[in-house]
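Peer 1: Submitted below is the structure of interest, expressed as structure tokens.
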Amino acid sequence: MLGISILLLLLLLLLLLLLLLLLLLLLLLLLLLLLPLLLLLLLLLLLLLLLLLLLLLLLLLLLLLLLLLLLLLLLLLLLLLLLLLLLLLLLLLLLLLLLLLLLLLLLVVVVVVVVVVVVQM
């Protein structure tokens, strides 16, 4: 009787081991089935991260371009201001020249008047 119960216990243990092995095999199969899905998910996540990085880089490039454009605009404004200043200086020089010509004309008129007066006497 004791031998039969030990045999039954061994059989039960063997059955339990077989069930555990079957469960392990099922887990492995499930893992093998889920592995491509997990890999796909990981790949999608990596792709999303790469896209985000690319978008950030594009944004940075756009910002840099905008800054460059602003700098160019500022330079153009400065050049325009310089040109305006130069034009003003040229106008001032022209006015001075005109004033000098008027003074010369006045001198000529005075000399002519003095000569005429001296000749009249």
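Mapping to full-length UniProt numbering: the sequence shown position 62 is 62, numbers consecutive.
Every residue, glycine too, gets a C-beta built ideally from N, C-alpha and C.
1) Roughly how many angstroms separate the alpha carbons of L71 and L79, rounded to a whole number?
2) By how many angstroms is the C-alpha of L24 removed from the C-alpha of L10?
3) Quick check: what's the CA-CA separation for L95 versus L106?
4) Give me the Cα-Cα distance between L14 and L53, rounded to the nearest whole angstrom.
Peer 2: Per the coordinate set shown:
1) 12 Å
2) 21 Å
3) 16 Å
4) 56 Å
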